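Chains as they are written, first to last, in this note's numbering: chain A, 3 to 362; chain B, 3 to 362.
Structure below.
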């Protein structure tokens with residue numbers, strides 16, 4: 003078992019990474035203080051792992067209940083969140099009840115937000131079962147739900163007590179979801195660590211082939227890099243925004259197609275190709291680097307071409323992005339491989355990238 | 003103008019108290035950083051004060067929009083909160099948009115919670131226009147909404163940039179609402195400052211008669227005491243819970259009758275009589291002190307007798323109180339006038355207080 007510590011002062015927490023951790027009672031024990039536990043999961047993950055998790059928790063002698071949500075980004079809204087609140091109130095959950103998020107990013111985001119809001123804050127533990135959630139949503143404390151007018155528009159910064167990333171669960175992932183997770187792994191290398199990007203480039207086939215050693219390394223390195231960025235800037239005042247590389251375009255794709263049509267990681271994969279293109283147009287990145295990025299994203303079986311939503315719709319969708327301020331959209335671009343830069347960009351350049359990247 | 007500082011480190015903020023502050027541009031100016039402002043108010047307060055507030059803000063040169071919510075505790079739920087989110091998204095509010103809560107406690111709690119959650123946190127200013135919200139909900143950062151199974155069950159601790167308490171607005175309050183606010187003033191004296199309770203006892207008629215000098219003193223002293231308690235214990239780990247004196251019974255009354263039937267302050271007024279009775283039964287308070295408390299609450303035109311919900315229903319409602327833990331309800335009792343104590347109480351004593359306090 004490997005442990006990455008996310009250093010956030012009195013909100014610091016460990017990420018444990020390794021095979022079979024879901025069965026490891028000792029891994030959970032130090033992080034559960036109250037007398038009851040509510041496991042939050044979804045209809046897909048529940049039959050795979052809920053019983054194993056309950057067995058691992060049983061020796062702790064706590065009251066354990068489970069709430070099962072519908073599966074999918076399209077359910078990441080208030081009504082589903084309210085199922086968690088209904089459950090907690092019916093179970094008489096108190097201020098020390100620990101919520102355990104068992105599932106992917108959607109379950110993690112909603113459980114974390116429910117934990118942030120229930121009685122103004124109860125403890126929670128993340129047990130991410132997808133690559134995307136192990137490398138991305140498990141670090142940084144971003145929680146929330148979607149609004150019809152924007153993704154993750156309603157939420158909170160709220161840190162878990164611990165993240166327990168069982169890499170064995172990744173074997174149950176459909177290839178499309180594995181690829182979506184690889185998008186965030188690639189992103190992490192691109193924005194902050196050129197050596198890690200080189201390593202990804204050399205191991206992309208092993209990663210897509212679900213090689214466990216390669217996956218453990220990728221999860222660990224991604225979490226370490228992200229933890230470093232988040233520790234510097236917990237509430238996204240500045241640096242942390244670089245983690246949104248590929249997300250401005252990506253969010254527009256997701257919102258434009260309707261959430262759930264493309265997976266988040268697929269939209270980010272394509273969004274990174276677009277952001278790399280924009281970086282070249284701005285003179286920050288050279289053509290061969292963009293080509294390497296495109297080839298790695300392609301090898302991860304992620305989409306390279308954006309859906310044709312129309313230029314006006316893209317511009318409109320991007321202007322409500324959370325990074326926008328007083329109507330001006332800021333982009334995260336690559337200032338060479340392994341280095342990100344946040345900057346405003348002339349509209350004409352954005353339009354050129356949209357024209358070059360869109361499937362017609 | 004009097005200023006009380008709430009000392010919460012990097013979340014510290016001032017409470018400005020005085021007549022006519024709603025028209026005072028300079029009072030607002032230092033606390034608004036972004037380029038837009040969203041005023042959140044309700045159908046009752048909007049015609050009274052919204053235009054004056056907009057006139058005061060106009061010289062700041064910001065984009066100003068207003069969202070008007072239905073008035074009343076019965077609307078303090080997700081659907082109304084979502085009206086704020088809809089408005090913010092339609093207005094393209096960004097991460098620096100300042101929300102201004104113009105109204106009483108319900109508007110303040112919902113606006114604060116909306117500010118806590120919109121894009122995971124935007125700045126907000128409270129302009130409380132009721133006595134209850136000036137002395138109570140404006141200090142301490144408690145925000146939230148009700149759930150059908152419990153009051154304020156969904157929320158966040160989130161501090162405003164500033165509170166601007168215009169005491170002239172109290173003249174527009176219906177007497178019943180003024181009385182409800184006096185309940186929290188009385189509570190503050192009872193739990194933390196016997197001298198202040200003596201002062202309240204001597205000035206209760208002036209306060210109920212809306213004497214401005216008396217009201218200013220009461221708001222200032224209440225905010226100072228509450229700010230001291232909250233600064234010691236921002237997230238209600240211990241001491242802060244004493245601010246809930248009268249609230250365990252009070253919340254049960256509100257929930258049992260249906261929110262909105264009794265005003266919050268009315269329920270707290272009656273709840274304090276009940277908690278004083280329980281304090282006597284526990285040997286913590288003497289009979290004459292209980293009598294003084296009852297007389298002051300009566301002089302504030304607050305109810306002294308609890309509605310007859312039935313003993314079982316009271317016990318049931320109190321067991322989901324946020325102060326409950328592992329099913330055991332804790333009570334805040336008076337250990338003499340001006341001093342509170344948090345303690346478990348034998349069921350028989352609680353039943354005796356219910357029997358003695360209920361209207362049959």
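Heads up, the beta-carbon is just placed ideally off N, CA and C, and yes, glycines get one too.
Computed from a prediction, not measured in an experiment: that's the story for all the values here.
Three-state secondary structure assigned by DSSP to residue i
i, result
"residue 320 of chain A", "helix"
"residue 38 of chain A", "strand"
"residue 257 of chain B", "helix"
"residue 343 of chain A", "strand"
"residue 134 of chain A", "helix"
"residue 47 of chain A", "coil"
"residue 140 of chain B", "coil"
"residue 152 of chain A", "strand"
"residue 308 of chain A", "strand"
"residue 160 of chain B", "coil"
"residue 219 of chain B", "helix"
"residue 269 of chain B", "helix"
"residue 332 of chain A", "strand"
"residue 189 of chain B", "helix"
"residue 31 of chain B", "helix"
"residue 129 of chain B", "strand"
"residue 103 of chain A", "strand"
"residue 11 of chain A", "helix"
"residue 183 of chain B", "helix"
"residue 252 of chain A", "helix"
"residue 289 of chain B", "helix"
Extent of the continuous alpha helix (DSSP H) run through residue i
i, result
"residue 168 of chain A", "Not the alpha helix (DSSP H): residue 168 of chain A falls in the beta strand (DSSP E), residues 164-168."
"residue 210 of chain B", "196-210"
"residue 113 of chain B", "107-119"
"residue 84 of chain A", "80-92"
"residue 302 of chain B", "Per DSSP, residue 302 of chain B belongs to no alpha helix (DSSP H) and is neither H nor E."
Where residue i falls, given that 16 or more other Cβ within 10 Å makes a residue buried
i, result
"residue 7 of chain B", "exposed"
"residue 130 of chain A", "buried"
"residue 99 of chain A", "buried"
"residue 1 of chain A", "Residue numbering for chain A in the displayed model covers 3 to 362; residue 1 of chain A lies beyond these limits and cannot be assessed."
"residue 138 of chain B", "buried"
"residue 113 of chain A", "buried"
"residue 5 of chain A", "exposed"
"residue 107 of chain B", "buried"
"residue 128 of chain B", "buried"
"residue 234 of chain B", "exposed"
"residue 35 of chain B", "exposed"
"residue 92 of chain B", "exposed"
"residue 250 of chain B", "buried"
"residue 209 of chain B", "buried"
Any chain C beta carbon closer than 8 Å to residue i
i, result
"residue 112 of chain A", "Protein chains A and B are contained in the structure displayed, whereas chain C is not."
8 Å Cβ cutoff met for residue i and residue j
i, j, result
"residue 104 of chain A", "residue 43 of chain A", "yes"
"residue 275 of chain A", "residue 224 of chain A", "no"
"residue 162 of chain B", "residue 126 of chain B", "yes"
"residue 167 of chain A", "residue 221 of chain A", "yes"
"residue 255 of chain A", "residue 278 of chain A", "no"
"residue 184 of chain B", "residue 172 of chain B", "no"
"residue 59 of chain A", "residue 178 of chain A", "no"
"residue 89 of chain A", "residue 40 of chain A", "yes"
"residue 211 of chain B", "residue 202 of chain B", "no"
"residue 86 of chain A", "residue 51 of chain A", "no"
"residue 360 of chain A", "residue 280 of chain A", "no"
"residue 54 of chain B", "residue 159 of chain A", "no"
"residue 258 of chain A", "residue 304 of chain A", "no"
"residue 142 of chain B", "residue 64 of chain B", "no"
"residue 286 of chain B", "residue 343 of chain B", "yes"
Residue i: contacting residues in chain B (beta-carbon distance under 8 Å)
i, result
"residue 123 of chain A", "158, 159, 237"
"residue 80 of chain A", "80, 84"
The ligand ATP heavy atom lying under 7 Å from the CB of residue i
i, result
"residue 126 of chain A", "The ligand content of the structure shown is nil, which means the ligand ATP is not present either."
Neighbour list for residue i in chain B, Cβ cutoff strictly below 7 Å
i, result
"residue 119 of chain A", "156, 157, 158"
Partners in chain A for residue i, counting only beta-carbon separations shorter than 8 Å
i, result
"residue 144 of chain B", "122"
"residue 152 of chain B", "91"
"residue 322 of chain B", "91, 94"
Residue i - containing beta strand (DSSP E), residue span
i, result
"residue 4 of chain B", "4-8"
"residue 17 of chain A", "15-20"
"residue 71 of chain B", "65-71"
Contacts of residue i in chain B (Cβ-Cβ under 9 Å)
i, result
"residue 149 of chain A", "84, 87, 88, 91"
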